[in-house]
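Have a look at the structure below, then the notes.
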Amino acid sequence: MKGRVRALRWAVVAAAAAALVGTATGCRPMDTGAATPSGGTRTPVSPSASEAAGQPAGPGGACVFVKPDGAQKFGHTGWGFRVTGTDRWEYGAVENPSNALYTPPGGDIGAWHAQGSYARMLSDMSRDAHYPGTSSHPYSRYRCTGSSAGDVAAARVMIRTVESRGFLVGVDPATGELGSRDCLDATYDVLKAYRARHLTPAYRTEIPNVWVETLVLWTDEKLTPR
Numbered sequence: 026m027k028g029r030v031r032a033l034r035w036a037v038v039a040a041a042a043a044a045l046v047g048t049a050t051g052c053r054p055m056d057t058g059a060a061t062p063s064g065g066t067r068t069p070v071s072p073s074a075s076e077a078a079g080q081p082a083g084p085g086g087a088c089v090f091v092k093p094d095g096a097q098k099f100g101h102t103g104w105g106f107r108v109t110g111t112d113r114w115e116y117g118a119v120e121n122p123s124n125a126l127y128t129p130p131g132g133d134i135g136a137w138h139a140q141g142s143y144a145r146m147l148s149d150m151s152r153d154a155h156y157p158g159t160s161s162h163p164y165s166r167y168r169c170t171g172s173s174a175g176d177v178a179a180a181r182v183m184i185r186t187v188e189s190r191g192f193l194v195g196v197d198p199a200t201g202e203l204g205s206r207d208c209l210d211a212t213y214d215v216l217k218a219y220r221a222r223h224l225t226p227a228y229r230t231e232i233p234n235v236w237v238e239t240l241v242l243w244t245d246e247k248l249t250p251r
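Mind the numbering: the sequence shown is residues 26 to 251 in my numbering, read in order.
Below, the structure is given as C-alpha cells:
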C-alpha cells in the first residue's frame with residue numbers, strides 16, 4: 026500500500042510540475058525581494074511568561090511552519106529548532122524567489138535563516154520578516170514537538186547544505202530523473218539532522234500539505250501576524 030501511495034504522489038507531482046512551468050511552482054510564495062540571512066547571539070535568555078506560552082517542553086524542540094495556500098495550494102513549509110538547553114531558536118526556509126523549477130547549486134533560492142526567542146520566531150514567521158515583500162500566502166499554521174535533546178551542530182551543517190544546493194521540482198537536468206530539492210526537502214533535512222522527535226519521512230516529490238498531515242504527534246496551531 027505504501028508503495029502505491031508513493032507512486033501516486035510521484036505521478037501527481039510530475040503532472041503538477043508540467044502544468045506549472047512558467048507560472049508558480051512547488052514551495053514558492055509569490056513574494057519579491059531578497060532573503061536576508063541573519064546571525065545573532067547564542068547566549069541563553071529567560072523569556073517572559075508570554076514568550077514561553079505554547080513553547081514545546083524539554084531542552085530541545087522543533088517546529089514546522091506552513092503556508093497551506095502557497096504553491097498553487099500544494100503548500101509551502103519552513104522550519105525551526107531550539108538551541109538545546111537554551112531559550113533560543115533557529116528558524117528559516119527556502120523561498121525560491123525566481124519561480125523557476127530548477128536553480129543550479131549556488132544560485133539564489135531565497136534561502137534564509139535567523140535566530141531569536143520562541144516568541145520572536147513566531148512573530149517573524151507570521152510576518153515573513155526575513156523575506157521582504159507582501160506575501161500573498163503567509164505562514165498561517167505551525168506544528169511543534171518537544172524533545173529531550175537535539176543535534177544543533179548537525180542541523181547547522183545541514184542549513185548550509187540546503188542553502189547552497191540549488192532548487193529542483195521535477196526532472197533534474199543533470200540526471201534526467203524526477204526529484205526535488207525544494208522547501209519541504211529543506212525543512213525535512215534540517216529537522217532530521219537535528220533529530221526531531223516524531224518526524225515522519227518526506228519522500229522525494231512529497232506534496233508539502235500531504236506531508237504536514239503526517240505529523241500526528243506534533244501540536245497544530247494557527248499562526249496570525251503578531
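Glycine included, every Cβ here is placed at the ideal spot set by N, Cα and C.
Round the Cβ separation of residue i and residue j to the nearest angstrom and send it over; I've been treating them as touching at under 8 Å.
{"i": "Tyr167", "j": "Leu248", "result": "5 Å"}
{"i": "Ala227", "j": "Ser172", "result": "Not confirmed; about 18 Å, so no contact."}
If you measure between the beta carbons of residue i and residue j, is that distance less than 8 Å?
{"i": "Ser142", "j": "Arg113", "result": "yes"}
{"i": "Ala96", "j": "Thr170", "result": "no"}
{"i": "Ala179", "j": "Ala218", "result": "yes"}
{"i": "Gly103", "j": "Thr239", "result": "no"}
{"i": "Ala136", "j": "Tyr116", "result": "no"}
{"i": "Cys208", "j": "Ala125", "result": "no"}
{"i": "Ser107", "j": "Gly85", "result": "Checking the sequence shown, residue 107 turns out to be Arg, not Ser. Yes; because the gap between Cβ atoms is below 8 Å, this pair is in contact."}
Rounded to whole angstroms, what's the CA-CA distance from residue i to residue j? Just pull it up for me.
{"i": "Ala82", "j": "Arg229", "result": "31 Å"}
{"i": "Glu120", "j": "Pro233", "result": "14 Å"}
{"i": "Gly110", "j": "Thr128", "result": "37 Å"}
{"i": "Met183", "j": "Asp214", "result": "7 Å"}
{"i": "Val91", "j": "Gly100", "result": "7 Å"}
{"i": "Arg251", "j": "Glu231", "result": "30 Å"}
{"i": "Gly131", "j": "Glu188", "result": "8 Å"}
{"i": "Pro163", "j": "Ser148", "result": "12 Å"}
{"i": "Pro93", "j": "Trp236", "result": "11 Å"}
{"i": "Arg145", "j": "His155", "result": "12 Å"}
{"i": "Ser204", "j": "Arg190", "result": "It is Gly, not Ser, that sits at residue 204 in the sequence shown. Taking the straight line joining both Cα atoms gives about 13 Å."}
{"i": "Gly105", "j": "Val194", "result": "23 Å"}
{"i": "Leu216", "j": "Val177", "result": "10 Å"}
{"i": "Ala185", "j": "Met150", "result": "A small fix is needed here, since residue 185 is Arg in this sequence, not Ala. So the two alpha carbons sit approximately 20 Å from each other."}
{"i": "Asp210", "j": "Arg152", "result": "22 Å"}
{"i": "Phe192", "j": "Ser165", "result": "24 Å"}
{"i": "Lys98", "j": "Pro122", "result": "17 Å"}
{"i": "Arg206", "j": "Asp133", "result": "13 Å"}
{"i": "Val89", "j": "Glu202", "result": "28 Å"}
So, is the C-beta of residue i closer than 8 Å to a C-beta in chain C?
{"i": "Asn234", "result": "The structure shown contains no chain C; it holds only a single protein chain."}
Next on the checklist: Within 8 Å, do at least three Cβ pairs link the stretch 198-209 to the stretch 238-247?
Outcome noted: Taking 8 Å as the limit for Cβ pairs, the verdict is that the stretch 198-209 does not touch the stretch 238-247.
Next on the checklist: At 4 residues or longer, what runs of the alpha helix (DSSP H) sit wholly inside the stretch 142-219?
Outcome noted: Complete alpha helix (DSSP H) runs here, min 4: 143-152, 177-189 and 208-219.
Checklist entry - In the stretch 71-110, which residue ranges form an unbroken beta strand (DSSP E) of at least 3 residues, counting only runs that do not cross its ends? => result Correct list: 85-92 and 101-107.
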